[in-house]
Structure formats: structure tokens, C-alpha cells
Amino acid sequence: SPFEQLSRRMNDILGDGGILKEVVQPGEGPPVPQNASVLHYSGFLEYSDQPFETTTNLKYPRMMKLGRVTVVGLGLGLLTMKKGEFSRFLLQPQYAYGEVGCPPFIPAGAVVLYEVHILDYLDSGQVDDFTAMSPEEQNTVPLSTLLEVVNTLRSFGNRCFNQNRYYNAKDRYKQPQAMTLLGNRETRSDSEKEAIKTALLPLYLNISFAELRLDRPHKALKYGKKALEIDSANTKALFRCGQAYLELHEYESAHGCLISAQAKKPFDSDINNLLRKVTFYKESLDKEKGLYSKMFREL
Numbered sequence: 001s002p003f004e005q006l007s008r009r010m011n012d013i014l015g016d017g018g019i020l021k022e023v024v025q026p027g028e029g030p031p032v033p034q035n036a037s038v039l040h041y042s043g044f045l046e047y048s049d050q051p052f053e054t055t056t057n058l059k060y061p062r063m064m065k066l067g068r069v070t071v072v073g074l075g076l077g078l079l080t081m082k083k084g085e086f087s088r089f090l091l092q093p094q095y096a097y098g099e100v101g102c103p104p105f106i107p108a109g110a111v112v113l114y115e116v117h118i119l120d121y122l123d124s125g126q127v128d129d130f131t132a133m134s135p136e137e138q139n140t141v142p143l144s145t146l147l148e149v150v151n152t153l154r155s156f157g158n159r160c161f162n163q164n165r166y167y168n169a170k171d172r173y174k175q176p177q178a179m180t181l182l183g184n185r186e187t188r189s190d191s192e193k194e195a196i197k198t199a200l201l202p203l204y205l206n207i208s209f210a211e212l213r214l215d216r217p218h219k220a221l222k223y224g225k226k227a228l229e230i231d232s233a234n235t236k237a238l239f240r241c242g243q244a245y246l247e248l249h250e251y252e253s254a255h256g257c258l259i260s261a262q263a264k265k266p267f268d269s270d271i272n273n274l275l276r277k278v279t280f281y282k283e284s285l286d287k288e289k290g291l292y293s294k295m296f297r298e299l
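If you number the sequence shown the way full-length UniProt numbering does, the last residue is 299 and the count never jumps.
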């Protein structure tokens with residue numbers, strides 16, 4: 001049968017024949033950590049060209065957390081994979097859906113094949129462990145661990161943002177997530193303070209961008225200014241503030257921010273296009289003010 005032919009070139013990862021694996025495309029780096037979140041997989045029955053479940057047809061497939069994978073063999077197989085790896089797993093019933101199956105899609109005692117591509121993974125297990133601690137316990141953990149957790153949360157936020165889920169993205173960046181964890185940290189040296197600021201900067205920029213997408217320019221401006229407090233010459237922060245001021249019809253302030261941004265990146269098309277737009281509005285408003293001033297003087 002097709003599965004029998006496939007099994008001849010596969011490796012037995014447990015030694016009991018229950019989970020066979022074939023690496024189609026090797027990955028790199030360490031194996032996927034336990035409770036990480038991964039994506040892109042398809043499940044097949046024998047003699048079927050169409051998967052009974054798949055994430056590959058979705059533009060933004062949901063992330064699958066290893067600790068919550070219901071198919072035992074798939075969860076164990078995923079722990080043997082690395083980032084970028086594409087592998088096939090042939091699972092006997094005891095490691096798949098058992099002797100009962102899962103009607104109407106999976107018949108009783110079915111051997112199933114899973115094809116898995118680890119495009120990327122996020123170590124959500126590390127986040128869960130860290131956020132379960134009290135603030136006092138978190139302060140005893142090395143700063144490097146906190147920064148890894150914050151970076152993972154930001155990656156989750158970026159993923160939500162790319163899916164146009166701006167509220168979810170903002171919450172991942174903000175409270176009670178990354179920003180709160182950084183704010184709770186008791187710094188012991190100037191270098192730690194700088195590391196915290198460096199980690200906060202992209203969060204402020206991302207929140208500002210999300211607030212702009214949510215049509216809340218006041219809040220976007222608030223976080224753009226917070227970013228400028230950390231780095232007054234940051235081009236993205238100046239641009240975000242320029243965008244927010246434009247939405248608030250404060251053309252003079254928008255013009256000032258964008259002129260400063262342009263001085264840093266004179267050939268940036270986004271900055272130059274927005275600056276032309278702001279300049280047009282500003283000049284139109286100045287002409288209007290001049291016209292009204294002349295009218296009142298004559299009166």
C-alpha cells in the first residue's frame with residue numbers, strides 16, 4: 001500500500017513503530033521547545049489526495065501550541081523538528097485517533113500521515129512560565145530571559161498586526177503583556193536601564209502604528225512621543241508623530257516632525273510623500289488664515 005511503501009524510507013523515532021518520520025527538508029537550530037507555538041500542517045488518510053485537515057490553505061493559519069495538540073503522535077513528532085524543517089509523520093492508531101477514530105472524517109483504527117512545515121515557532125511556553133511568576137519572582141530572573149519573553153510577545157503582536165487584528169496586536173504590545181513586564185523590572189545598573197529602554201522603543205512604535213490603524217491619533221501621538229523620549233532622533237517615531245498630527249489637523253506640528261525625519265532619511269518615499277501632503281494642507285491653511293485676516297482688517 002502507499003503507506004507501506006512510504007514507511008520503508010522512514011525512521012522509527014520511538015522504537016515501537018508507532019511514529020515514523022521522514023525529513024523532506026532539514027531545518028536548522030535547536031529542536032522546537034516544548035509548548036512552543038508552530039504552524040502549517042496537513043493530515044492525510046491512506047489513498048486520499050485531499051487532507052482531512054490542513055492550515056496550508058489559510059493566509060494566516062492559527063498557531064498550534066504543542067502542549068495542546070490533541071494527536072499524541074503529532075505532538076511528539078513536532079518536538080523532533082527544527083525551524084525551517086519539512087517532515088512527514090506516519091502515525092499508528094494508538095498515536096493518532098485510536099481504534100474508535102473520529103467519525104465522520106477518521107475511520108476506526110486509521111493510520112494517518114501528517115506533513116508538517118515549521119516555518120517558524122514562538123516559545124510561548126517560556127512566556128507562560130514567566131508570566132505565571134509573581135513580580136518579585138520575575139525580578140530574580142536574568143534580564144536576558146525577560147528580554148526574550150518580551151521579544152516573543154512582540155512577535156505575537158506583529159503576527160496579529162499582519163492579520164489586521166489591531167486590537168489584539170496592541171494588547172500584546174501593551175498591557176498586561178510586554179510593556180507591563182518591562183515596567184515591573186527593578187533595574188540594578190545603568191546598563192540594565194538602557195536595555196529596558198531599548199526593548200520599550202519598538203513596543204512604543206508598534207503601539208503607535210496600531211493606534212493609527214484604529215483611527216485613534218491622540219493615542220498614537222502619545223506613544224510616538226514616548227518613543228521620542230527614548231530616542232529623540234528616531235525616524236520612525238518622528239514619522240508616527242507626523243502621521244498622528246496630520247490626522248489631528250495640526251499641520252504645523254506634523255510639518256516639523258516630518259522635516260526632522262526627512263533630514264535623517266532624505267530619500268525615504270513614505271516620509272517625502274507625507275511631507276508633500278502636509279505641506280499642501282499647511283500652505284492652504286496659511287492662505288485661508290491670511291485671507292480671513294485681510295477681511296477682518298478691512299471690516
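Idealized CB from N, CA, C, for every residue including glycine. Only a predicted model underlies this, so the values are computations on that prediction, with no experimental measurement involved.
Other residues of its chain near Val23: CB distance less than 7 Å, five sequence neighbours each side excluded: Indexing the sequence shown from 1 puts residue 23 at position 23. Annotation for Val23: Glu85 and Ser87 place their beta carbon closer than 7 Å to its own, counting only its chain and skipping 5 residues before and after.
Local Cβ density within 10 Å of Gly183, reported as buried at 16 or more and exposed below that: Position 183 of the sequence shown holds residue 183. Exposed, by the Cβ-count rule.
Closest residue to Ser232 among Phe209, Ala261, Leu248 and Ala244 (Cα-Cα distance): Sequence index remark: in the sequence shown, residue 232 carries index 232 (1-based). With distances taken between Cα atoms, Ser232 lies closest to Ala261.
Cut-off 7 Å between Cβ atoms - residues of its own chain near Thr279, not counting five sequence neighbours on either side: Looking up residue 279 in the sequence shown gives position 279. Correct list, in chain order: His255.
Buried versus exposed, by CB contacts within 10 Å (16 or more), Val116: If you number the sequence shown from 1, residue 116 lands on position 116. Buried, because 16 or more other Cβ atoms sit within 10 Å of the Cβ of Val116.
For Ser134, the nearest candidate out of Leu91, Tyr166, Leu90 and Leu181 (CA to CA): As a working mapping, residue 134 is identified with position 134 in the sequence shown. Comparing Cα-Cα distances from Ser134 to each of Leu91, Tyr166, Leu90 and Leu181, the minimum goes to Leu181.
Cβ-Cβ distance between Leu91 and Leu74 below 8 Å: Here residue 91 is taken as the residue at index 91 of the sequence shown, counted from 1. Here residue 74 is taken as the residue at index 74 of the sequence shown, counted from 1. Yes.
Beta carbon of Gly27 nearer than 8 Å to that of Lys82: By one-based count along the sequence shown, residue 27 stands at place 27. By one-based count along the sequence shown, residue 82 stands at place 82. In contact: Gly27 and Lys82 (Cβ atoms closer than 8 Å).
Whole alpha helix (DSSP H) elements within the region 44–102, 4-residue minimum: 72–78, all fully within the region 44–102.
Ser7 vs Glu46 beta-carbon contact at 8 Å: Looking up residue 7 in the sequence shown gives position 7. Looking up residue 46 in the sequence shown gives position 46. No, Cβ-Cβ distance for Ser7 and Glu46 is not below 8 Å.
Bounding residues of the alpha helix (DSSP H) (the contiguous stretch that carries Leu228): Your numbering for residue 228 matches position 228 in the sequence shown. Start and end: Pro217 to Ile230.
Identified DSSP bridge partners for Ser37: Looking up residue 37 in the sequence shown gives position 37. Ser37 is bridged to Lys65 and Leu122.
The region 139–147 contacting the region 191–200, beta-carbon criterion three pairs below 8 Å: These segments touch.
Simplified DSSP assignment, three categories, for Lys174: Along the sequence shown, one-based indexing puts residue 174 at 174. Note: Lys174 maps to coil in three-state DSSP.
Contact between the region 238–248 and the region 271–278 (3+ Cβ pairs under 8 Å): Yes, the region 238–248 is in contact with the region 271–278.
Reduced DSSP secondary structure (H/G/I, E/B, other) of Lys265: Reading the sequence shown from its first residue, position 265 is the one you call residue 265. Here Lys265 sits in coil by DSSP.
Within 8 Å, strictly: CB atoms of Asn139 and Tyr173: Taking the first residue of the sequence shown as position 1, residue 139 is located at position 139. Taking the first residue of the sequence shown as position 1, residue 173 is located at position 173. Cβ atoms of Asn139 and Tyr173: not closer than 8 Å.
Cβ shell of Leu246 (< 6 Å), same chain only, five flanking positions each side left out: Along the sequence shown, read from residue 1 onward, the residue named residue 246 stands at position 246. For Leu246, the CB contacts under 6 Å within the same chain, skipping 5 residues up- and downstream, are Ala254 and Val278 in chain order.
CB of Phe44 within 8 Å of CB of Leu119, strictly: Numbered from 1 along the sequence shown, position 44 holds the residue referred to as residue 44. Numbered from 1 along the sequence shown, position 119 holds the residue referred to as residue 119. No, Cβ-Cβ distance for Phe44 and Leu119 is not below 8 Å.
C-alpha distance - Arg213 paired with Glu99, whole-angstrom precision: Residue 213 sits at position 213 when you count from the first residue of the sequence shown. Residue 99 sits at position 99 when you count from the first residue of the sequence shown. Taking the straight line joining both Cα atoms gives about 50 Å.
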